[in-house]
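> So that we are looking at the same thing, I have put the structure below in structure tokens.
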């Protein structure tokens, strides 16, 4: 989760956060608006999370009510800031490493057989603050000898502009790097302040970052044709309609025979019939048909 700053009083008449409330109607109005903008659906189980961040933001802007804030939200550039505070960007290096093994041992050999020397394009979406795409870079560098003779393009995208800025900086907490082998930490990271580490610049330069909303077909299409997509633990925040839309956009982005990896609790089979299920020794992934 990106850090959130406490509210500040903007004028003498501004209400403190403790005195600002959201009605059920306010919550539903916000929920509908945010869903239409992002595809993310906050159900009632997330009500406390939503209310707390909205109230803090309303107070920080010196406003007194959700009504005042909603007018500003609809008429300005506030939506980008709101997306940043409402999205969760907590990750760590080598998360669900078994999928990286599957990439190296099963997916990449299959892709190489039909790429005819063209670069393999791997896309991390959402990339949060960079742990996943940089994990891919490090894993390929240390576990895939064919990297010396084959070009790989690593792309990474997120809807959260603050997360993207943090990813480009490449500075990570102790928690984010704790799963890494000690040899990798020593070789590719240097201490950066108290209990923080900065990734080597050469590794940072391996990844191209961009701002993308996965339910926006035009933004997804702008990424170009992809061979492997890592889209892990995102679709669980969508409703059925948005999941199907996101799945269709991802399908269109893939080259024939391309693969998509989801989070361990997600199943594309329950979302879309567009993909074929592939059961490799290390992981179950989803594939676009060769003739699709």
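Numbering (my numbering), first residue to last: 69 to 360. Virtual Cβ for every residue (Gly too), placed ideally from N, Cα, C.
1. Residue 355 and residue 319 - do their beta-carbons sit closer together than 7 Å?
2. Measure the CB-CB distance between residue 229 and residue 148 and report whether it falls below 7 Å.
3. Do residue 216 and residue 161 have their C-beta atoms closer together than 7 Å?
4. For residue 221, report the span of its beta strand (DSSP E) as first-last.
5. Please name the residue in 308, 351, 359 whose C-alpha comes closest to that of residue 338.
6. Kindly indicate which three-state DSSP category residue 322 falls into: helix, strand or coil?
7. Taking just the CA atoms, how far does residue 184 sit from residue 368?
8. Any idea if residue 295 is buried or exposed, counting beta-carbon neighbours within 10 angstroms, 16 or more meaning buried?
9. Report the residue ranges of all beta strand (DSSP E) runs contained in full by the region 243 to 290; include only those spanning at least 3 residues, in chain order.
10. I need the straight-line Cα distance from residue 103 to residue 109, nearest angstrom please.
11. Taking the alpha carbon of residue 211 as the point to measure from, which residue in 238, 264, 174 has its own alpha carbon closest?
12. What is the DSSP secondary structure of residue 329, counted as helix, strand or coil?
13. On the three-pair Cβ rule with 8 Å, is the region 178 to 195 touching the region 217 to 224?
14. Quick check: the region 252 to 265 against the region 224 to 244, are there 3 or more CB pairs under 8 Å?
15. Once you ignore the five residues that flank residue 301 on each side, which residues in its own chain have a CB closer than 6 Å to its CB?
16. Do you know whose CA, among 353, 288, 105, lies nearest residue 142's CA?
17. Does residue 160 come out as helix, strand or coil in the three-state DSSP assignment?
18. Is the CB-CB distance between residue 369 and residue 167 below 7 Å?
19. Whose C-alpha, out of 89, 287, 289, is nearest the C-alpha of residue 135?
20. Taking only the alpha-carbon atoms, compute the straight-line gap between residue 278 and residue 153 and give it to the nearest angstrom.
21. What did DSSP end up calling residue 317 once you bin it into helix, strand or coil?
22. Measure the alpha-carbon distance for residue 291 versus residue 87 and round it to whole angstroms.
23. Give the single residue among 353, 348, 344 whose Cα lies nearest to the Cα of residue 360.
24. Which one of 276, 287, 335, 353 has the shortest CA to CA distance from residue 303?
According to the structure data:
1. On the chain shown, position 251 is the one that residue 319 refers to. On the chain shown, position 287 is the one that residue 355 refers to. If you check the CB distance, residue 319 and residue 355 do not come in under 7 Å.
2. Position 161 of the chain shown, counted from the first residue, corresponds to residue 229. Position 80 of the chain shown, counted from the first residue, corresponds to residue 148. Going by C-beta atoms, residue 229 is nearer than 7 Å to residue 148.
3. The count along the chain shown starts at 1 and reaches residue 216 at position 148. The count along the chain shown starts at 1 and reaches residue 161 at position 93. Taking a C-beta distance under 7 Å as the contact criterion, residue 216 and residue 161 do not qualify as a contact pair.
4. For this step, residue 221 is matched to residue 153 along the chain shown. Judged by DSSP secondary structure, residue 221 falls within the beta strand (DSSP E) whose first and last residues are 220 to 226.
5. Looking up residue 338 in the chain shown gives position 270. Taking only the C-alpha atoms, the option nearest residue 338 is 308.
6. Indexing the chain shown from 1 puts residue 322 at position 254. The answer is strand: DSSP assigns residue 322 an E or B state.
7. This structure does not reach residue 368, given that the chain is present from 69 up to 360, and the question cannot be answered.
8. Your numbering for residue 295 matches position 227 in the chain shown. Answer is buried; the Cβ neighbour count reaches 16.
9. Counting whole runs of 3 or more residues, the region 243 to 290 contains the beta strand (DSSP E) stretches 257 to 259, 264 to 267, 275 to 279.
10. On the chain shown, residue 103 is found 35 positions in, with the first residue counted as 1. On the chain shown, residue 109 is found 41 positions in, with the first residue counted as 1. C-alpha separation (whole angstroms): 5 Å.
11. By 1-based counting over the chain shown, the position of residue 211 is 143. Comparing Cα positions, the closest option is 174.
12. Taking the chain shown and counting its residues from 1, the one referred to as residue 329 is at position 261. Strand at residue 329.
13. Taking 8 Å as the limit for Cβ pairs, the verdict is that the region 217 to 224 does touch the region 178 to 195.
14. Contact between the region 252 to 265 and the region 224 to 244 is present, with at least three C-beta pairs closer than 8 Å.
15. Working through the chain shown from its first residue, we reach residue 301 at position 233. By the criterion of a C-beta distance shorter than 6 Å, residue 301 is surrounded in its chain by 331, once the five residues flanking it on both sides are discounted.
16. For the purposes of this step, residue 142 is taken as residue 74 along the chain shown, with counting starting at 1. It is 105.
17. By 1-based counting over the chain shown, the position of residue 160 is 92. Reduced to three states, the DSSP call for residue 160 is coil.
18. Absent from the structure is residue 369, since the part of the chain shown begins at 69 and ends at 360.
19. By 1-based counting over the chain shown, the position of residue 135 is 67. Ranked by Cα distance from residue 135, the options 89, 287, 289 are led by 89.
20. Position 210 of the chain shown, counted from the first residue, corresponds to residue 278. Position 85 of the chain shown, counted from the first residue, corresponds to residue 153. Taking the straight line from one Cα to the other gives about 18 Å.
21. Counting from 1 along the chain shown, the entry for residue 317 is found at position 249. Three-state DSSP puts residue 317 in a helix.
22. Translated into positions along the chain shown, residue 291 becomes position 223. Translated into positions along the chain shown, residue 87 becomes position 19. Spanning the alpha carbons of residue 291 and residue 87 requires a straight line of approximately 45 Å.
23. Start at 1 with the first residue of the chain shown, and residue 360 comes out as number 292. Considering only alpha carbons, the answer is 344.
24. One-based indexing of the chain shown puts residue 303 at position 235. Among 276, 287, 335, 353, the Cα nearest to that of residue 303 belongs to 335.
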